[in-house]
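According to this note's numbering, the residues represented by the sequence shown are 9 to 74, in order. Cβ atoms here follow ideal geometry from the backbone N, Cα and C, with glycine treated the same way. Computed from a predicted structure; not experimentally measured. Below: one structure, written as structure tokens.
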Amino acid sequence: MRKSVVKALAFASIALGGLALVSTLSNPSLDPLILARDLGLSITALSLGFATPILHRKFTEPQEEV
9 MRKSVVKALA
19 FASIALGGLA
29 LVSTLSNPSL
39 DPLILARDLG
49 LSITALSLGF
59 ATPILHRKFT
69 EPQEEV
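Here you go:
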């Protein structure tokens, strides 16, 4: 169950980060600080979305069957 929640949240992060990136690139702000903030947030969301399932798989020990 935990694995599916992690995958769902990772997918949501990738989707929202991608939408934010497309929105930022299609209509960039004229203020460089706001543009940098928007790009940083969208890239962070994308990278966390891709890294979360990998890190979860790496640091979660397989459960022992009884």
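Beta-carbon proximity list for residue i, same chain, < 7 Å, skipping 5 on both sides
i     : result
Gly25 : Ser50, Ala53, Leu54 and Gly57
Ala23 : none
Leu47 : Thr32
Exposed unless 16 or more other CB atoms sit within 10 angstroms - verdict on residue i
i     : result
Ser12 : exposed
Thr32 : buried
Ser37 : exposed
Ser21 : buried
N- and C-terminal bounds of the alpha helix (DSSP H) containing residue i
i     : result
Leu27 : Arg10 to Ser34
Residue i, DSSP secondary structure in three states
i     : result
Ser50 : helix
Thr60 : helix
Ser55 : helix
Leu38 : coil
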